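Undergrad:
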Amino acid sequence: MKRIFFPLLLAFCASVAYAQQQQPAFNEEAYVNAQQQVLNNPYLLSPYAEQLSPEDRLAGLSLLWSEAKFNFANFDLAPINLDSLYKAYLPQVMAAQSTFDYYQLLRSFYARLRDGHTGVGLPQELWARAYAHPGVEAALVEGRVVLHQLYAGVSLPAPMALGDEVVAIDGLPVAEYIRQRAAPYVSFSSPQDSIARILRYDLFFGDASQPIQLQLRNRKGKLYAGTLQRLAPKGFFQSGLPVGEYKVLPGNIGYLALNTFNDEAVLPFLKPALRISAKPAP
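Quick look at the structure:
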């Protein structure tokens, strides 16, 4: 047994040494190119059109289904049968009357996964129709939806004031408006997450050309009507911070900051970090 064990040990050590010698250096350009080929496959990329072809719509839904089926990690927390949901959405996607309607279906499809990091964003051509916002955030206070906070440079038209209760939006009681117009398209992972996302953003999202008609109640209990104008979503996804930063701190510690996942300009900041992380330890 000893005679057999010793040659096997030598062979194992030789194979490990050979594998270490043959391991190619990390090629960040090849890595980025490979990822781009997977994510931006030209066979699945179509130019924007107000009405996509049925084949393009079917391909889009199928891509979302396959990505979730083979990569989504939390099906134990999502009370759905993905295959059944996919079949239910097929005729809806094929019957969509516009690209906007199609994307709304895709958003609601992924919203059923109940995961705050799994969702569908709209193409930039639809931002003004879907992501325009008046720059006013709401909050839930003692069970009531109230105007809570303003974006920088935004003011409320008189007699509106922060703290006023939102009773109805576009003729619908606020709870019904949320149920019909906002909740179906929001990706969230918990009740508190859904409330925060809806009241801060989705409650007032919509078409820049369509003002929001509100019924409100002021602090004295008086009901009144008010209108909010949505602002074009130019730069909505920009935080004001640089897209990324990479530097080496004292002690030879690499520091990488990525301030957005919505801009391919972050890729150059990944390259030095990936190259250094691939170096063998001394």
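Mapped onto mature numbering (1 follows the signal peptide of the UniProt record, and there is no 0), the consecutive letters of the sequence shown carry residue numbers -19 to -1, 1 to 263. The C-beta atom is built at its ideal place from N, Cα and C for all residues, glycine as well. Predicted model only: the values in this text are computed from it and were never measured.
1) For residue 116, which residues of its own chain have a beta-carbon under 8 Å away from its beta-carbon, when the five flanking residues on both sides are left out?
2) With DSSP as the reference, label residue 195 as helix, strand or coil.
3) List the whole-angstrom C-beta distance separating residue 118 from residue 129, where the pair is believed to meet the contact cut-off of C-beta under 8 Å.
4) Whole angstroms are fine: how far does the CA of residue 171 sit from the CA of residue 144?
5) Identify whether residue 213 lies in helix, strand or coil by the three-state DSSP scheme.
6) What are the boundary residues of the alpha helix (DSSP H) that residue 130 is part of?
7) Residue 66 to residue 90, Cα distance in whole Å?
8) State whether the region 14 to 29 contacts the region 51 to 61, with contact taken as three or more CB pairs (one from each stretch) at a distance under 8 Å.
9) Per DSSP, residue 227 forms a beta bridge with which residues?
10) Just the Cα atoms here: how many angstroms apart are residue 152 and residue 195?
11) Measure the C-alpha to C-alpha separation of residue 249 and residue 50 and round it to an integer number of angstroms.
12) When DSSP labels each residue in this structure, what does residue 232 get in the three-state scheme?
TA: The answer reads as follows:
1) Here the set comprises 131, 132, 134, 135, 212.
2) In this structure, residue 195 counts as strand in the three-state DSSP scheme.
3) About 5 Å; that satisfies the 8 Å criterion.
4) Looking at the two C-alpha atoms, the distance is approximately 25 Å.
5) Correct three-state label for residue 213: coil.
6) No alpha helix (DSSP H) contains residue 130, which is instead part of the beta strand (DSSP E) from 125 to 131.
7) Distance between the alpha carbons of residue 66 and residue 90 is about 8 Å.
8) With the cut-off at 8 Å, the region 14 to 29 and the region 51 to 61 do not touch.
9) For residue 227, which the question treats as bridged, DSSP gives the partners 237.
10) Approximately 8 Å between the Cα atoms of the pair.
11) Near 31 Å, if we compare the C-alpha coordinates of residue 50 and residue 249.
12) Coil.
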